[in-house]
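Everything below concerns the one structure shown next.
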Amino acid sequence: MSEFDLELVRLSKTYPGGAVAVREFDLQVKQGEFVSFVGPSGCGKTTTLRMIAGLESVTSGHIKIRGEDVTTVPTEKRPTSTIFQNYAIFPHMTVSQNIEFGLKVRNLATNVIDRKVGEILEKLDLSEVASAKEESLSGGQKQRLALARSLVIEPEILLLDEPLGALDANLRKSIQEELKLLQRSLNITFVFVTHAQSEALSLSDRVVVMNAGAVEQISEPLELYTRPQTPFTARFIGSNLIFPGKLQSTAEGNASVHTSTGQFEGIPVFEAGTLSKGADASVVVPSEFVDVTVSSDRQETSSPIGLEGTLIDIDFVGRDAHLSIALKDETPLRLQSDATVMKSRNLVPGEAVDLRWQTNRATVVSGHT
Amino acid sequence: MYHLNGLRWTLGIFTALFLVFLYGPFVVMTILSFQQGPEGGPQFPIIEWSTFWYQHVLSIAEPSRVAPLPIGEALIRSLTLAFATMVVSTLLGTLSAQAFRQNFKGSGVVFYLIVLGMMVPGVLLGLGMALVADQFDIARTWWGTAFVLHVVYTFPFSFLVMLAIFNRFDKSLEEASWMLGVDPVKTFRKITFPMIFPGVLSSMLFAFTLSYDEFPRTLFTGGSEATMPIAIYGTFAVEIHPNLFAFGVLTTLASFALLTIYGVLMALSVRRAKIQSSGLQEEIA
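Top to bottom, those sequences are chains A and B.
Per the working numbering: the first sequence = residues 277 to 645.
Per the working numbering: the second sequence = residues 877 to 1161.
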């Protein structure tokens, strides 16, 4: 018995043509953990999920479930279950038949099957449509049926491949919450694949950010948000200002970086090991920590200015304000900020503005891309 | 607007002509099958309307100078051959289309090799097969050499039908079944097969009808025991009587009856599915 439910050991996948889909993926997932894979399409997140499910062959590396190596075990013999993006409901079977299907091959007594089906129908609010077929189900019902079908066979790990992709925004929100509650109450390990970062950040205990087949960062959602470790993560997650430059010095965990927009001093370093003097580095400032004020309102008591620029445009989208700013050296900048705060600043396009943030909110990552 | 009308007329006339050519021969044949007998021949005008030739085909007419059609055994042979061809061809077609769902090495070449079976002229193939059979001292029979050629001929059709069906088939349904712990064999039986069944039915229909009226391949390889098309052709050599037309009408009607039953069954199953789902919606409401 292993302490981990799921372990990926240098898992790699290369297609016959030579294209690398997944590169040296290492991951350990604890029992009952909710882990998400996020990344742009083609980053290898779905391929990885399919390898865990046994639907895709592994080129090298290992997959272990509860300590047992299942790398070459066929899908039907793995203790995993998958929710597909299109749900893959069997169209020629009713809701109950769909749910029964996986139980019937398990040599269970009829009354046990009936009880289990009844329970899961009840739990996922499908009792009323038990004898319906796929064509008469709503999007939410199909989604719940896919869940019911997968959960009734009591898998050790549930794999979800963008299961909310086909739903409209409102339904998505409510099902997200249901999913999280369900996962907590069942205490099953969930591996969730999505390209929507908000989904991953709000649902997961840990998020794996993937890009071009490789893992960029594995962190808890908040840390991913505030402390990105690579320029890619900084760009992909949240809304960050990124200034590429060269690392000048790291002293006492504080970095000094020279960029084309100016010199940044005293930036906290979290991944010191990957940074070396003179190397390419980028300064990352989460945009919600940036305050924007009109330069002419500047007072003696104001805190030090981060950057100066000109406001090009400001848009209010619900609770968010989208600002477009040109820095002094003409570098364009996009910034997402709190709408209420920005309204109170009386910002007018064309005016000179000051950008401020607390130095310790920024972070430095190695590389430019 | 004028142009559109012109196009409409052209297409309308084209369609009408198509229908005339499609059904014209059958209509003429039907009319002539009611010719007076046994003196009346296969030509207009109709001397007198009668059902004599139908009685003749069914061997209930008064004996006359016109010999009965030699169709009894030939019909049974043809039906048996068509049935066997249908089963084997559909089985092979389904299996090979299944193989083509993944791109395997040389799949392009194999594809064209299979499709070649329906491209090669039947006369040449029949002649070639006859030569090969003689070379190796294999007796030419309708259930042996001819059967093999029938399968060679119909298999590409079955294969293409099944390939089209599999192209639209959602693979994640099979994957969903596997992940529920159902092995591939059972998955094929319980998930794949029910989904591809309409295609299987079409493939069977294709193979059966193609084999049933196959002529050139059978002519060279069928041996001495004739199948239906060969037997009918044989009667041309002597003299054509309207009994042939009566027989043609009867078999065509039989085919239509089969198709109607097939259509009704399909419509019923579709309606049943609809009633089931709408009835359910009422229950909820």
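For glycine and all other residues, C-beta sits at the position ideal for the given N, C-alpha and C.
Predicted, not measured: the structure shown is a model, and the values here were computed from it.
Distance, Cα to Cα, residue i vs residue j?
i, j, result
"Leu-1081/B", "Phe-1132/B", "13 Å"
"Asn-530/A", "Asp-1059/B", "58 Å"
"Ser-563/A", "Ser-600/A", "12 Å"
"Arg-425/A", "Gly-1057/B", "12 Å"
"Gly-574/A", "Thr-324/A", "The sequence shown places Arg at residue 574/A, rather than the Gly named in the question. Arg-574/A and Thr-324/A: Cα-Cα distance of roughly 52 Å."
"Phe-1045/B", "Ala-364/A", "11 Å"
"Glu-1159/B", "Tyr-930/B", "No answer about Glu-1159/B holds up, because its pLDDT of 43 lies below 50 and its placement is not dependable."
"Phe-313/A", "Ile-494/A", "9 Å"
"Ala-1161/B", "Val-428/A", "Residue placement at Ala-1161/B cannot be trusted, given a pLDDT of 39 that sits under 50; what the coordinates show is reported in the next sentence. If you take the alpha carbons of Ala-1161/B and Val-428/A, they lie about 28 Å apart."
"Phe-928/B", "Gly-913/B", "6 Å"
"Thr-896/B", "Ile-889/B", "Residue identity check: residue 896/B is Val in the sequence provided, not Thr. Distance between the alpha carbons of Val-896/B and Ile-889/B: 10 Å."
"Val-334/A", "Arg-420/A", "30 Å"
"Val-640/A", "Leu-609/A", "18 Å"
"Pro-431/A", "Ser-372/A", "19 Å"
"Glu-627/A", "Val-484/A", "41 Å"
"Leu-1007/B", "Thr-956/B", "25 Å"
"Gly-394/A", "Ser-403/A", "8 Å"
"Pro-504/A", "Arg-637/A", "11 Å"
"Pro-367/A", "Ala-1052/B", "12 Å"
"Gln-911/B", "Gln-919/B", "9 Å"
"Phe-280/A", "Ile-328/A", "14 Å"
"Phe-343/A", "Leu-282/A", "For the record, residue 343/A in the displayed sequence is Gly; it is not Phe. Cα to Cα, the separation comes out at about 8 Å."
"Arg-382/A", "Leu-458/A", "24 Å"
"Ala-1009/B", "Gly-1020/B", "10 Å"
"Arg-311/A", "Val-349/A", "Looking at the sequence provided, one finds Val at residue 311/A rather than Arg. Using only the alpha carbons, I get a separation of about 23 Å."
"Arg-286/A", "Ile-341/A", "15 Å"
"Val-942/B", "Leu-1129/B", "24 Å"
"Ser-1079/B", "Val-1037/B", "6 Å"
Given that a residue counts as buried once 16 or more other Cβ atoms are within 10 Å of its Cβ, and exposed if not, what is residue i?
i, result
"Thr-885/B", "The sequence shown places Trp at residue 885/B, rather than the Thr named in the question. Exposed, because fewer than 16 other Cβ atoms sit within 10 Å of the Cβ of Trp-885/B."
"Lys-289/A", "buried"
"Glu-938/B", "exposed"
"Ile-1137/B", "exposed"
"Lys-604/A", "exposed"
"Asp-444/A", "exposed"
"Val-617/A", "exposed"
"Met-995/B", "exposed"
"Ser-414/A", "exposed"
"Trp-633/A", "buried"
"Ser-1100/B", "exposed"
"Lys-553/A", "exposed"
"Asp-437/A", "buried"
"Trp-925/B", "exposed"
"Val-593/A", "exposed"
"Arg-977/B", "exposed"
"Phe-1179/B", "Limits of chain B in this structure are 877 at one end and 1161 at the other, which puts residue 1179/B out of reach."
What does residue i touch in chain D if you count any residue whose Cβ is under 8 Å from its own?
i, result
"Val-1058/B", "Protein chains A and B are contained in the structure displayed, whereas chain D is not."
query = Pairing CB atoms from the stretch 1073-1088 of chain B with CB atoms from the stretch 956-973 of chain B, are three or more of them under 8 Å?
reply = The stretch 1073-1088 of chain B is in contact with the stretch 956-973 of chain B.
task = Using a Cβ-Cβ cut-off of less than 7 Å, list which residues of the stretch 362-381 of chain A approach chain B; keep chain order.
result = Hits within the stretch, in order: Asn-362, Ala-364, Phe-366, His-368, Phe-377, Gly-378 and Val-381.
key: Any alpha helix (DSSP H) of 4 or more consecutive residues that is wholly inside the stretch 316-365 of chain A   = Scanning the stretch 316-365 of chain A from its first residue to its last, the whole alpha helix (DSSP H) runs of 4-plus residues come out as 321-329.
task = Could you please tell me which residues of the stretch 976-1000 of chain B, in chain order, have their CB closer than 8 Å to any CB of chain A?
result = With the criterion set as a beta carbon lying under 8 Å from some beta carbon of chain A, the stretch 976-1000 of chain B has no members that meet it.
message = Report the start-end ranges of each beta strand (DSSP E) in the stretch 378-432 of chain A that is 3 residues or longer and not cut off at the edges.
response = Those beta strand (DSSP E) runs which fall completely within the stretch 378-432 of chain A and span 3+ residues do not exist here.
request  = Ignoring anything shorter than 4 residues or poking outside the stretch 422-497 of chain A, list the alpha helix (DSSP H) runs there in chain order.
outcome  = Taken in chain order, the whole alpha helix (DSSP H) runs of length 4 or more contained in the stretch 422-497 of chain A are 445-462 and 473-479.
task = Pull out every residue of the stretch 1066-1099 of chain B whose Cβ sits closer than 8 Å to any Cβ of chain A, in chain order.
result = Answer set for the stretch 1066-1099 of chain B: Lys-1066, Ile-1067, Pro-1070 and Met-1071.
Within 9 Å of chain B by C-beta, residues of the stretch 324-336 of chain A in sequence order = Those would be Arg-326, Ala-329, Gly-330 and Leu-331, in chain order.
ask   = If you measure beta-carbon to beta-carbon, which residues of the stretch 1039-1055 of chain B are closer than 8 Å to chain A?
value = Here the close residues are Asp-1046, Ser-1048, Leu-1049, Glu-1051, Ala-1052, Ser-1053, Trp-1054 and Met-1055.
ask   = For the stretch 300-320 of chain A against the stretch 481-490 of chain A, are there 3 or more C-beta pairs whose distance is under 8 Å?
value = Flag = yes, the stretch 300-320 of chain A and the stretch 481-490 of chain A touch.
message = Closer than 7 Å between beta carbons: that is the criterion. Which residues of the stretch 428-444 of chain A meet it against chain B?
response = Of all residues in the stretch 428-444 of chain A, those with a C-beta nearer than 7 Å to a C-beta of chain B are Ile-429, reading in chain order.
task = Kindly provide the ranges of any alpha helix (DSSP H) runs that are 4 or more residues long and lie completely inside the stretch 979-1047 of chain B, ordered along the chain.
result = Taking only runs of at least 4 residues, the alpha helix (DSSP H) segments lying wholly in the stretch 979-1047 of chain B are 983-995, 998-1011 and 1021-1044.
ask   = Which parts of the stretch 1065-1106 of chain B are runs of the alpha helix (DSSP H), unbroken and 4 residues or longer, counting only runs that do not cross its ends?
value = Within the stretch 1065-1106 of chain B, the complete alpha helix (DSSP H) runs of at least 4 residues are 1069-1088 and 1092-1097.
ask   = For the stretch 1033-1044 of chain B against the stretch 1068-1081 of chain B, are there 3 or more C-beta pairs whose distance is under 8 Å?
value = Taking 8 Å as the limit for Cβ pairs, the verdict is that the stretch 1068-1081 of chain B does touch the stretch 1033-1044 of chain B.
task = Could you tell me which uninterrupted beta strand (DSSP E) segments, each at least 3 residues in length, are contained entirely in the stretch 285-321 of chain A, listed from first to last along the chain?
result = Those beta strand (DSSP E) runs which fall completely within the stretch 285-321 of chain A and span 3+ residues are 296-306 and 310-314.
ask   = Any contact of the stretch 555-572 of chain A with the stretch 517-528 of chain A, i.e. 3+ C-beta pairs under 8 Å?
value = Inter-segment contact for the stretch 555-572 of chain A and the stretch 517-528 of chain A is present: three or more beta-carbon pairs are separated by less than 8 Å.
request  = Evaluate contact between the stretch 387-394 of chain A and the stretch 437-453 of chain A, counting only Cβ atoms and requiring at least three cross-stretch pairs below 8 Å.
outcome  = Counting C-beta pairs with one atom in each stretch, the stretch 387-394 of chain A and the stretch 437-453 of chain A have fewer than three that are closer than 8 Å, which means they do not touch.
key: Runs of beta strand (DSSP E) wholly within the stretch 520-571 of chain A (minimum 3 residues, chain order)   = Here the runs fully enclosed are 530-535, 538-544, 556-562 and 567-570.
message = Give me the subset of the stretch 283-296 of chain A whose CB atoms are less than 7 Å from a CB atom of chain B, sorted by chain position.
response = From the stretch 283-296 of chain A, no residue has a Cβ closer than 7 Å to chain B.
request  = Count the CB pairs spanning the stretch 446-454 of chain A and the stretch 296-310 of chain A that are closer than 8 Å, and state whether there are at least three.
outcome  = They do not touch, by the three-pair rule.
query = Given a limit of 8 Å on CB to CB distance, which residues of the stretch 300-317 of chain A reach chain B?
reply = Hits within the stretch: zero.
message = Along the stretch 397-425 of chain A, where does the CB come closer than 9 Å to a CB of chain B? Name the residues.
response = Listed in sequence order: Glu-404, Val-405, Ser-407, Ala-408, Lys-409, Glu-411, Ser-412, Ala-422 and Arg-425.
query = Counting pairs of Cβ atoms below 8 Å between the stretch 986-993 of chain B and the stretch 1017-1031 of chain B, do you hit three or more?
reply = Counting Cβ pairs under 8 Å, three or more are found: they touch.
request  = Output, in sequence order along the chain, the residues in the stretch 558-587 of chain A whose CB is closer than 9 Å to any CB in chain B.
outcome  = Those residues of the stretch 558-587 of chain A that come within reach of chain B (Cβ to Cβ, closer than 9 Å) do not exist; the list is empty.
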